[in-house]
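Residue numbers (our numbering): 9 to 248.
Glycine is no exception: its CB is placed at the ideal position from the N, C-alpha and C atoms.
Down below is the structure, laid out as structure tokens.
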């Protein structure tokens, strides 16, 4: 039966390689046996074909087969297509070595992110979730009503603990600019501590309510702001 020319050359190369390797290994075994005066077990020579063939020939042929498979799978599949009398070749594209070399930084992780340290990110997320499980709450959020935990703000804590003294309030009033005094969202109901009082509320009901409840508070008197600002700036702002 005839075989292709390339196939014949392939079989010839395999036969020559196998014969040469067996001859070299047999010569080496003969030299070694002569060096020890042939004090060897004769039955071990029965395993010569299996040992020499598997180690010196089989592994090499296995490498050739694997490289042939890699080269074959790396090439495009060519097919002949006939479309309306026009015959042409079609192939499926394959990844090129240059493309793999250019994108190996991107393909180093699952996120297609160059120089992304996935190991460090996983360690960070593990530590973060572990910490949250240690000091986190056990509140359920699948009910119709769930409370929200709010930390005490530092400014709010200072406002209700330190900034509630009268001397400090007067000092802050005198440090404020005149335009800030005017913009303070506080409705004054009385002009000053005079007899009789000069009402300033926008409604009669507010005037009566504030006079009954907050007459002793200095925050409802316009005099409190006027005595702690520079009147020259005040008059310059409104009557210049």
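Determine the contact status of residue i and residue j, defining contact as a CB-CB distance below 8 Å.
i           : j           : result
residue 30  : residue 60  : yes
residue 147 : residue 186 : no
residue 41  : residue 48  : yes
residue 132 : residue 123 : no
residue 227 : residue 218 : no
residue 98  : residue 89  : yes
residue 135 : residue 126 : no
From the DSSP output, read off the bridge partner residues of residue i.
i           : result
residue 211 : Looking at the DSSP assignment, residue 211 forms no beta bridge with any residue, so it has no partner.
residue 98  : 87
Alpha carbon to alpha carbon, how far is residue i from residue j?
i           : j           : result
residue 221 : residue 213 : 12 Å
residue 233 : residue 194 : 11 Å
residue 168 : residue 211 : 31 Å
residue 72  : residue 37  : 26 Å
residue 239 : residue 181 : 13 Å
residue 178 : residue 236 : 7 Å
residue 20  : residue 14  : 10 Å
residue 170 : residue 164 : 10 Å
residue 151 : residue 144 : 18 Å
residue 17  : residue 23  : 10 Å
residue 46  : residue 39  : 9 Å
residue 109 : residue 28  : 39 Å
residue 139 : residue 154 : 23 Å
residue 183 : residue 156 : 37 Å
residue 93  : residue 87  : 16 Å
residue 149 : residue 119 : 32 Å
residue 215 : residue 141 : 56 Å
residue 166 : residue 223 : 27 Å
residue 115 : residue 106 : 14 Å
residue 128 : residue 68  : 42 Å
residue 56  : residue 62  : 10 Å
residue 43  : residue 80  : 47 Å
residue 78  : residue 70  : 12 Å
residue 137 : residue 172 : 41 Å
residue 176 : residue 207 : 28 Å
residue 121 : residue 130 : 15 Å
residue 91  : residue 85  : 18 Å
Check each candidate in the options and name the one with the smallest Cα separation from residue i.
i           : options            : result
residue 64  : 119, 215, 34       : 34
residue 241 : 205, 190, 231, 230 : 190
residue 192 : 229, 162, 223      : 229
residue 225 : 243, 130, 174      : 174
residue 26  : 58, 52, 53         : 58
residue 231 : 91, 53, 205        : 205
Item to complete: Could you pull out every unbroken alpha helix (DSSP H) segment of at least 4 residues lying fully inside the stretch 18-91, listed in chain order?
Response: List check, alpha helix (DSSP H) in window: 56-60, 67-82.
Discussion item. Give the list of continuous alpha helix (DSSP H) stretches no shorter than 4 residues that lie fully inside the stretch 146-184.
Written reply: The alpha helix (DSSP H) runs lying completely inside the stretch 146-184 and spanning 4 residues or more are 162-169, 174-183, given in chain order.
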